[in-house]
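Let me begin by presenting the structure, written as structure tokens, before commenting on it.
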Amino acid sequence: GGAPIGVTGLAVMGANIARNFARHGHTVAVHNRSFGRTQALISDHGSEGNFVATKTIAEFVASLATPRRALIMVQAGAATDAVIEELAAEMEPGDIIIDGGNALYTDTRRREAALRERGIHFVGCGISGGEEGALNGPSIMPGGSRESYTHVGPLLESVAAVVDDTPCCTYIGPDGAGHYVKMVHNGIEYADMQLIGEAYQLLTGVLGYTPAQCAEVFAEWNKGVLESYLIDITADVLAQVDAETGAPLIDVILDATGQKGTGRWTVKSALDLGVPVTGIAEAVFARAVSGSRELREAAHGLPGGELATTLQEALPNIDEATFLADIHAALYASKVVAYAQGFNQLTAGSVEYGWDLKPGDLATIWRGGCIIRAQFLGRIREAYAANPDLPSLLLDPYFSDAVAASTTSWRRVVVAATSVGVAVPGFSSALAYYDSIRADRLPAALLQGLRDYFGAHTYERIDKPGHFHTLWGGDRSEIRTD
Ligand code: NBP
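Yeah, the sequence shown ends on 497 if you go by UniProt numbering, and it's all consecutive.
In structure tokens:
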């Protein structure tokens with residue numbers, strides 16, 4: 016006997032995932048530090064399935080079938096450590112602790128190693144989809160030992176979102192792999208949202224559209240290659256009217272974006288790995304700029320020297336319909352760049368930590384349940400199916416054609432934005448990345464010369480092997496240093 020799964024931590028995410036298990040016919044033991052939340056779950060939703068309410072961790076663990084499977088859904092950080100310790104103290108070797116919170120992957124690596132010593136499996140499990148996803152089917156990214164997946168995989172797959180009969184849940188890789196993948200997912204989400212924000216800003220700032228008109232544009236775009244949850248809800252948010260003022264809600268929301276850390280973590284890891292994830296970095300920094308209230312107040316009204324105030328002035332030969340299509344193309348191309356970079360980071364992380372991540376599998380389980388769910392992920396899945404070792408999504412035929420078809424529009428958008436003074440850090444840095452990787456020569460050669468000049472850092476030559484140094488302070492002859 017006993018419940019096949021238990022959930023501890025019954026705030027919004029935990030309560031919803033517990034209900035999801037119950038609705039799928041699994042008996043679910045539930046526990047929360049303060050019993051009130053447990054009681055509320057049972058009284059509000061107890062009829063949805065078989066819940067076993069428990070008051071203490073000891074009672075909770077005792078109510079589980081062996082090997083015991085306990086899913087932690089508490090605040091990431093110290094709270095998670097505390098709960099792990101309480102659970103492990105009551106558990107036996109072979110039991111499984113699953114952390115479904117947004118843990119930092121290095122914490123997950125540490126916790127997995129410590130619990131492995133005690134014979135307990137630790138499954139660091141990324142869960143995406145917010146509260147709605149947790150209830151109706153999230154995208155689930157479980158890491159840990161392969162053996163642990165045989166015990167938790169079927170249960171997790173049974174509550175995940177489903178796309179084309181495939182659950183949006185698969186074994187990701189050892190120790191911190193699941194949380195790493197969830198982290199990069201969130202980083203990509205940051206980049207995607209930033210790009211959508213820039214498109215909106217251009218619609219209002221260059222084309223002069225009202226939020227309601229913008230909502231119609233996004234709803235239309237959601238019927239094409241951009242079709243995605245984020246574009247869909249963008250239309251919904253932009254159409255919302257504030258009950259209090261009667262103004263579009265978007266116009267009364269303070270323009271300072273919050274962040275809880277996963278985007279920042281993604282960029283920190285990318286910096287350590289040396290992977291250029293400019294799209295995610297720009298998005299994290301754009302949030303930081305938006306939140307710099309004092310700086311923005313002090314700088315407000317500084318002269319901009321704009322070259323134009325209207326589309327007509329910025330691009331005299333481009334009409335409104337063309338520019339609208341340009342914004343769409345720029346958004347799409349920039350999105351391809353952001354995803355290409357994110358997938359490159361996943362590959363680099365996989366090499367660094369020996370995870371053997373399968374990019375195509377990740378695209379597959381992100382097609383549904385999670386915040387970045389989209390048709391687009393199906394295309395990424397196909398790209399990696401055709402070539403699992405693809406060096407960049409930008410080199411896949413489908414995506415390279417799509418981006419090539421967008422380049423002129425993309426440049427016009429950056430030109431117009433620059434002319435009228437609308438900041439588009441995502442669009443412009445994505446274009447800079449694309450132009451950099453496709454360039455004949457980069458100014459890196461000059462930088463190497465400078466580094467050799469002031470620091471004798473040496474340089475390589477295009478015409479022969481070896482490392483060289485010019486005797487800048489002497490007779491300026493070149494010596495080979497190796
Ligand atoms: P919160 O992150 O707000 O955490 C609240 C829960 O943590 C409550 O059950 C609380 O118990 C418990 N808790 C805390 Br705080 N400190 C504790 C401690 N020392 N010992 C035991 N329990 C403790 O809940 P959430 O928003 O439902 O998110 C849960 C996890 O899922 C987080 O890690 C979050 O990052 C992640 N996540 C959230 C979303 C989302 O959309 N919200 C999406 C994906 C992942 P109490 O009731 O007794 O105070």
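Cβ coordinates follow ideal geometry from the N, Cα and C atoms, glycine included.
- Assignment of beta-bridge partners to C140 by DSSP yields P157.
- DSSP, reduced to helix, strand and coil, places A55 within a helical segment of the structure shown.
- For A329, same chain residues with a beta-carbon under 8 Å away, outside a window of 5 residues either side, are V221, L322, A323, V430, A431, S434, V435 in chain order.
- In this structure, the straight-line span from the alpha carbon of D371 to that of L253 is close to 41 Å.
- Per DSSP, reduced to three states, the secondary structure at Y186 is coil, with no helix or strand assignment.
- Y164 is classed as buried because its beta carbon has at least 16 other beta carbons within 10 Å across all chains shown.
- In the three-state reduction of the DSSP assignment, P331 falls in the coil class.
- In this structure, the C-beta of G384 stays at least 6 Å away from each heavy atom of the ligand NBP.
- Within the region 187 to 269, the complete alpha helix (DSSP H) runs of at least 4 residues fall at 192 to 220, 226 to 236, 244 to 254, 264 to 267.
- Using a Cβ-Cβ distance cut-off of 8 Å, the region 55 to 70 and the region 87 to 101 are not in contact, since fewer than three pairs of beta carbons, one from each stretch, lie closer than that value.
- Non-local beta-carbon contacts of E367 in its own chain, meaning distances under 8 Å to residues more than five positions away in sequence, involve L288 in chain order.
- V428 is positioned such that its CB atom lies no closer than 7 Å to that of I333.
- Comparing alpha carbon positions, the residue from E107, A26, C183 closest to V76 is E107.
- Under the 10 Å beta carbon count, E397 is surrounded by fewer than 16 other beta carbons and is classified as exposed.
- When DSSP states are grouped into helix, strand and coil, E493 belongs to the strand group.
- Nearest in C-alpha terms to V196, of all of Y347, W381, V43, Y224, is W381.
- At a cut-off of 6 Å, the beta-carbon of G145 counts as near the ligand NBP: some heavy atom of the ligand is closer than that.
- Looking at the DSSP output, F483 shares a beta bridge with Y474, R495.
- Counting the other Cβ atoms within 10 Å of the Cβ of R34 gives 16 or more, which makes it buried.
- A direct Cα-to-Cα measurement between A227 and G239 gives close to 20 Å.
- When the beta-carbon positions are compared, D497 and H482 come within less than 7 Å of each other.
- Assigned with DSSP and collapsed to three states, T181 falls in strand.
- Annotation note: the region 27 to 81 contains the following uninterrupted alpha helix (DSSP H) runs of length 4 or greater, listed N- to C-terminal: 27 to 38, 50 to 60, 72 to 77.
- Under the Cβ criterion (8 Å, minimum of three pairs), the region 96 to 110 does not count as touching the region 170 to 184.
- In chain order, L119, M198 place their CB closer than 7 Å to the CB of W280, counting only its own chain and leaving out the 5 sequence neighbours on each side.
- The residues A262, P263, L264, in chain order, have a CB closer than 8 Å to that of V256 in the same chain once the five nearest residues on each side in sequence are set aside.
- If the five residues before and after C183 are omitted, its C-beta is found closer than 6 Å to the C-beta atoms of S154, A175, A176, I380, G383, G384, all from its own chain and listed in chain order.
- Between M156 and G193 the beta-carbon gap is near 4 Å, inside 8 Å, which marks them as a contact.
- Looking from the CA of L361, the closest CA among H41, V22, D376, G21 belongs to D376.
- Leaving aside the five residues that flank E127 on each side, the residues in its chain whose CB is nearer than 6 Å to its CB run, in chain order, F137, D190.
- By the criterion of a C-beta distance shorter than 6 Å, L346 is surrounded in its chain by L210, A214, once the five residues flanking it on both sides are discounted.
- Under the three-state reduction of DSSP, L86 is assigned to strand.
- For I111, the enclosing beta strand (DSSP E) stretches over residues 111 to 114.
- Collapsing the DSSP output to three states places T272 in coil.
- Remark: C-beta atoms of T272 and R302 approach each other more closely than 7 Å.
- Distance from the Cα of S160 is smallest, within the candidate group L217, G464, G188, L245, for G188.
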